[in-house]
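Since the structure comes first, as structure tokens, the remarks are kept for the end.
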Amino acid sequence: MATQPTWWKQAVLYELYVRAFRDADGDGHGDLRGVIERLDYVRDLGVDVLWLLPLSPSPLRDDGYDVTDYCDIHPDYGTLDDLRDLIDAAHARGLKVITDLVMNHTSSDHPWFQASRRRADGKADWYVWSDDPERYSEARVIFTDSETSNWTWDEVRGQYYWHRFFHHQPDLNYDHPDVRSTMLDVIRFWLECGVDGFRLDAIPYLYQREGTNCENLPETHAFLKVLRAHVESITPGAFLLGEVNQWPEDTLPYFGDGFDEMPLLFHFPVMPRLWKALAQGDAAPIRWILERTPAIPASCQWVVFLRNHDELTLEMVTEEERAFMYAAYAPEPVMRLNVGIRRRLAPLCDFERPRIELLHSLLMTLPGTPILYYGDEIAMGDDLTLFDRNGVRTPMQWNDGPGAGFSENPTTYAPLLRGATAPQRVNVAAAERDPGSLLHWIRTLIATRKRHPALGGGSFAMLPSPDPALAVFLSTSEDDAVVAVHNLAAEPRRLELAVPALAGRRLRLGFGGRLSQDAPRGTEATADAIPVALEGHGYAWWSPAEAPA
Ligand code: BGC
172 MATQPTWWKQ
182 AVLYELYVRA
192 FRDADGDGHG
202 DLRGVIERLD
212 YVRDLGVDVL
222 WLLPLSPSPL
232 RDDGYDVTDY
242 CDIHPDYGTL
252 DDLRDLIDAA
262 HARGLKVITD
272 LVMNHTSSDH
282 PWFQASRRRA
292 DGKADWYVWS
302 DDPERYSEAR
312 VIFTDSETSN
322 WTWDEVRGQY
332 YWHRFFHHQP
342 DLNYDHPDVR
352 STMLDVIRFW
362 LECGVDGFRL
372 DAIPYLYQRE
382 GTNCENLPET
392 HAFLKVLRAH
402 VESITPGAFL
412 LGEVNQWPED
422 TLPYFGDGFD
432 EMPLLFHFPV
442 MPRLWKALAQ
452 GDAAPIRWIL
462 ERTPAIPASC
472 QWVVFLRNHD
482 ELTLEMVTEE
492 ERAFMYAAYA
502 PEPVMRLNVG
512 IRRRLAPLCD
522 FERPRIELLH
532 SLLMTLPGTP
542 ILYYGDEIAM
552 GDDLTLFDRN
562 GVRTPMQWND
572 GPGAGFSENP
582 TTYAPLLRGA
592 TAPQRVNVAA
602 AERDPGSLLH
612 WIRTLIATRK
622 RHPALGGGSF
632 AMLPSPDPAL
642 AVFLSTSEDD
652 AVVAVHNLAA
662 EPRRLELAVP
672 ALAGRRLRLG
682 FGGRLSQDAP
692 RGTEATADAI
702 PVALEGHGYA
712 WWSPAEAPA
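Be aware that the sequence shown starts at 172, since it is given in the numbering used here, and climbs by one per residue.
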């Protein structure tokens, strides 16, 4: 049986785009050696796992999610030896490293696809070809702003090929045994390079069957079980995180029996509801999705996030919620992309610190393992003039120098931000100097979370609240408990809160922000009458007096 470590229940992840982080060789593109140079910074954030966006050779028409060689490193990023050095350097600092594995599709430039265009080639059936572009018509188009169909005509082959994403990303044919075995070899290759696991990209779409929406098919689950057993046989306990952007009931089966499929899965639908609750000043959307979230096997874990390298996806919301989210967060059409919003975290909060803090406090006290996206810890902005999702993937801003400490080359792969969010105004060096900066606050937040075994590793309940604006989370473990009270409203809240599950226990206020100054406010209370005295967007974490502070 597969082993199942649980260290990652308390872990915090940091998602990092290598091309954007630090350019060590001065070619204008970030690289692996650059990441090595900045590993102390990553460690000092207090995170445990680095998730590196795709590293393999690629024309970068989808930032590496369009692979042309699965077993090498993109020359702009360095070499396999650089990756091995990075992994060693990370391990020496107690950090794990996972990489993206893009199994569903390749670039159309991949030699496999080029070979497949010739019907007589041995790889002719490695992709999904058809004479009929009406096949699998129940499958939705995902990149609605760029594609109108999941089929594209190929002149050479004289047939259509299937793709769930961009037309230059043909889907591999997982019905072909050689595709399956080759992908298992690819997995072995990276594990033997030393990676600690993978973020498995776009796994719901591996198979197609007529009469279905071609998502979450039994064949997909069967292959993922094979994959899991394979990974366990090479690196027991590897960190495997599945990207399954589905409703909780459709995501649940990907955990399998708790040991035979994915140990970790993103909880996509909770994310837009954090944003919606914030905009509405009402915790109801969070309660709604958590109540709809089934229990998962004890050995498994949700992974939660506020933003990532993609648009803020609105696929797992209703029409009405989508309209609300667009009105609240993407009033200008240029801010919208596909079924989502292509803005970074800080701009979505109008750069207002209370809202940024409140969202992070929610994130760190939700059930699951949180992910931070590079740059959000210094409230980096975005660039809406850039194509597609490039505006949220701009160079990391290390200092106020000409290349922002990102590169010595005046021409960078993407322009540095200008105006109010330019590196001259927003950068790591300035944040380091300012003890009140968001960066310092994020470090304290992570350190506080990690002192509480109940967070991430314990059991969780969203408690009934006397006030709809308050989201009250209770996490408990054997020796620890955290009552996290969040005020979603912009106006102050004052009341007393009883937490019957901790009845009679003495609690201490451990962590908080926007605590009312003008109300009698204690730092000690009993769980029968916790004094809530929060300004708009305030939050407070209470724990039993004997628990870690
Ligand atoms: C990734 C995207 C990518 C897509 C196609 C997604 O899940 O997060 O960035 O464009 O897969 O590979």
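Heads up, the beta-carbon is just placed ideally off N, CA and C, and yes, glycines get one too.
Buried is the label assigned to D233, since at least 16 other Cβ atoms lie within 10 Å of its Cβ. Counting along the chain, Q472 sits inside no alpha helix (DSSP H); it lies in the beta strand (DSSP E) bounded by residues Q472 to F476. Per DSSP, reduced to three states, the secondary structure at W418 is coil, with no helix or strand assignment. With a 10 Å radius around the Cβ and a threshold of 16 neighbouring Cβ atoms, I467 comes out buried. Take the alpha-carbon of Q472 and the one of D431: they are about 14 angstroms apart.
From the listed residues L411, H657, G683 and R306, the smallest Cα separation to V220 is found for L411. Per DSSP, reduced to three states, the secondary structure at P456 is helical. Beta-bridge analysis with DSSP links W713 to V654 and L680. For P541, the pairing in a beta bridge is given by DSSP as V475. Here R589 is exposed. Its C-beta has fewer than 16 other C-beta atoms within 10 Å. Between the segment 224 to 241 and the segment 259 to 275, the count of C-beta pairs closer than 8 angstroms reaches three or more; the two stretches touch. Under the three-state reduction of DSSP output, V703 falls in the strand class. Annotation for F369: no alpha helix (DSSP H) segment contains it, though the beta strand (DSSP E) segment containing it runs G368 to L371.
Following the DSSP letters along the chain, one finds G628 inside the alpha helix (DSSP H) bounded by residues A625 to G628. When C-beta atoms of the segment 316 to 324 are compared with those of the segment 280 to 293, fewer than three pairs fall below 8 angstroms, so the two segments do not count as touching.
At a cut-off of 6 angstroms, the beta-carbon of E414 counts as near the ligand BGC: some heavy atom of the ligand is closer than that. Distances from the alpha-carbon of D559 to those of R209, E482, D303 and I542 put E482 closest. In terms of Cβ geometry, P624 and S646 do not form a close pair [threshold 7 angstroms].
DSSP lists W333 as the bridge partner or partners of W322. Judged by their CB atoms, Y345 and Y298 are not nearer to each other than the 7 angstroms cut-off. At least one heavy atom of the ligand BGC falls within 6 angstroms of the beta-carbon of Y236. In this structure, the beta-carbon distance from S470 to G429 falls below 7 angstroms. Here L530 has L445, W446, L449, L477, L516 and C520 as same chain residues with Cβ atoms under 8 angstroms from its own Cβ, once five neighbours each way along the sequence are excluded.
By the neighbour-count criterion, in which a residue is buried when 16 or more other Cβ atoms sit within 10 angstroms of its Cβ, P586 is exposed. Using a 10 angstroms sphere on the CB of E186, the tally of other CB atoms reaches 16 or more, which defines it as buried.
The C-alpha of R665 is placed about 21 angstroms away from the C-alpha of R676.
At the C-beta level, P715 and A655 stay beyond 7 angstroms of one another. Distances from the CA of L609 to each of S636, A550, G707 and M567 were compared; the closest alpha carbon is that of A550. Burial check for G562: the Cβ neighbour count within 10 Å reaches 16 or more, so the residue is buried.
As the crow flies, the alpha-carbon of G452 is around 14 angstroms from that of S636.
DSSP, read as helix, strand or coil, puts T391 in helix. Rounded to the nearest angstrom, the Cβ distance from W283 to R328 is 13 angstroms, too far for a contact under 8 angstroms.
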